[in-house]
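As you go down the protein sequences, you meet chains A and B in turn.
Everything in the first sequence is counted per this note's numbering, starting at 1 for the first residue and increasing by one.
Everything in the second sequence is counted per this note's numbering, starting at 1 for the first residue and increasing by one.
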Amino acid sequence: RKEVEQDPGPFNVPEGATVAFNCTYSNSASQSFFWYRQDCRKEPKLLMSVYSSGNEDGRFTAQLNRASQYISLLIRDSKLSDSATYLCVVNFLTGKLIFGQGTTLQVKP
Amino acid sequence: DAGVTQSPTHLIKTRGQQVTLRCSPKSGHDTVSWYQQALGQGPQFIFQYYEEEERQRGNFPDRFSGHQFPNYSSELNVNALLLGDSALYLCASSRRTSGSYEQYFGPGTRLTVT
Chain A
1 RKEVEQDPGP
11 FNVPEGATVA
21 FNCTYSNSAS
31 QSFFWYRQDC
41 RKEPKLLMSV
51 YSSGNEDGRF
61 TAQLNRASQY
71 ISLLIRDSKL
81 SDSATYLCVV
91 NFLTGKLIFG
101 QGTTLQVKP
Chain B
1 DAGVTQSPTH
11 LIKTRGQQVT
21 LRCSPKSGHD
31 TVSWYQQALG
41 QGPQFIFQYY
51 EEEERQRGNF
61 PDRFSGHQFP
71 NYSSELNVNA
81 LLLGDSALYL
91 CASSRRTSGS
101 YEQYFGPGTR
111 LTVT
């Protein structure tokens with residue numbers, strides 16, 4: 001079983017749609033959680049950290065459920081520029097980041 | 001404020017050769033981690049350097065080695081290259097005392113082994 005699992009997609013949505021990505025992790029000792037965004041042939045960029053209480057940054061909302069070992073990312077009012085691969089990332093306290101495979105989002109006009 | 005830089009951008013090597021990749025961390029960061037990203041996969045952790053020592057290592061063979069210099073920059077060395085080593089090699093920097101474990105990535109070095 002992979003340590004971090006994501007549905008690779010692709011998710012094809014129209015502009016303005018709301019889309020949600022989910023991610024599960026296997027190690028209950030995981031301490032920190034992140035969503036990174038990666039454009040084609042570019043480096044991953046930190047989108048947001050994920051906190052137990054949930055957090056929001058503009059159109060993006062991240063949720064963490066430690067009991068179910070589940071992380072989610074919600075994107076509201078999708079823009080064409082949101083098209084990218086979204087990587088779910090878990091840290092096991094030591095600074096070693098474990099990445100999921102990534103979920104590809106394509107926003108269509 | 002310069003971000004994480006890596007060199008070279010692209011590299012083509014022949015099977016059996018050796019390669020050295022370089023990374024300069026973001027200003028104020030003291031920890032460097034290296035990742036390998038194969039096509040269609042998420043990055044895989046290779047190792048992490050702090051205070052010029054390897055602190056953690058992922059599931060990579062000894063052919064992969066590294067170094068960190070007093071100015072916090074780092075090198076990744078890969079010996080006896082295999083075709084399967086073809087990938088994007090990413091360097092990420094962080095500040096150990098920040099407590100957030102957020103890491104910031106450089107643009108990567110795309111290695112092709114023929």
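Ideal Cβ placement from N, Cα and C applies to all residues, glycine included.
All of these numbers come straight from a predicted model, not from anything done at the bench.
{"Query": "Cβ shell of GLN6(A) (< 6 angstroms), same chain only, five flanking positions each side left out", "Result": "CYS23, CYS88, GLY100, GLN101, THR103"}
{"Query": "Candidates GLU43(A), GLN69(A), SER30(A), PRO14(A), of which the one nearest TYR86(A) by Cα", "Result": "GLU43(A)"}
{"Query": "Contacts around LYS79(A), its chain only, beta-carbon distance under 7 angstroms, and the 5 residues preceding and following it disregarded", "Result": "GLU15, VAL107"}
{"Query": "Same chain only: Cβ atoms within 7 angstroms of ASP77(A), ignoring 5 sequence neighbours per side", "Result": "GLY16, ARG59"}
{"Query": "THR94(A): contacting residues in chain B (beta-carbon distance under 7 angstroms)", "Result": "GLN56"}
{"Query": "Interface residues of chain A facing SER94(B) [CB-CB closer than 8 angstroms]", "Result": "GLY95"}
{"Query": "Nonlocal neighbours in the same chain, by C-beta distance under 7 angstroms from GLY108(B), ignoring five residues either side", "Result": "GLN6, LEU88, TYR89, LEU90"}
{"Query": "Delimiting residues of the beta strand (DSSP E) encompassing ASP57(A)", "Result": "55–57"}
{"Query": "Meets three-Cβ-pair contact criterion under 8 angstroms: the segment 42–53 of chain B and the segment 65–80 of chain B", "Result": "yes"}
{"Query": "Neighbouring residues, chain A, relative to GLY42(B) (Cβ below 7 angstroms)", "Result": "LEU87, PHE99, GLY100, GLN101, GLY102"}
{"Query": "Neighbour flag for GLU43(A) against chain B, beta carbons, 8 angstroms", "Result": "yes"}
{"Query": "Separation of THR18(A) from VAL4(B), as counted between CA atoms", "Result": "33 angstroms"}
{"Query": "PHE106(B) at chain A interface by Cβ criterion, 8 angstroms", "Result": "Here residue 106(B) is Gly; the residue named in the question, Phe, does not match the sequence. At least one chain A Cβ lies under 8 angstroms of GLY106(B)."}
{"Query": "Segment contact flag, the segment 6–25 of chain B with the segment 20–40 of chain A, C-beta cutoff 8 angstroms, min 3 pairs", "Result": "no"}
{"Query": "Cut-off 6 angstroms between Cβ atoms - residues of its own chain near LEU64(A), not counting five sequence neighbours on either side", "Result": "PHE33, VAL50, SER52, ILE71"}
{"Query": "Pair within 8 angstroms by beta-carbon distance, GLY76(B) and VAL113(B)", "Result": "The question names Gly, but residue 76(B) is Leu in the sequence shown. Not in contact: LEU76(B) and VAL113(B) (Cβ atoms no closer than 8 angstroms)."}
{"Query": "Pair within 8 angstroms by beta-carbon distance, VAL19(B) and LEU111(B)", "Result": "yes"}
{"Query": "Backbone CA spacing between ILE98(A) and PRO70(B) [nearest angstrom]", "Result": "27 angstroms"}
{"Query": "Unbroken beta strand (DSSP E) run spanning HIS10(B), endpoints", "Result": "10–13"}
{"Query": "6 angstroms CB neighbourhood of PHE21(A) in its chain, flanking five on each side removed", "Result": "LEU73, TYR86, THR103"}
{"Query": "Strand pairing of SER112(A), partner residues [DSSP]", "Result": "For residue 112(A) there is no data in the structure shown, the boundaries of chain A being 1 and 109."}
{"Query": "THR114(B) in three-state terms, based on DSSP", "Result": "coil"}
{"Query": "Buried or exposed by the 16-neighbour rule on C-beta atoms within 10 Å, applied to SER74(B)", "Result": "buried"}
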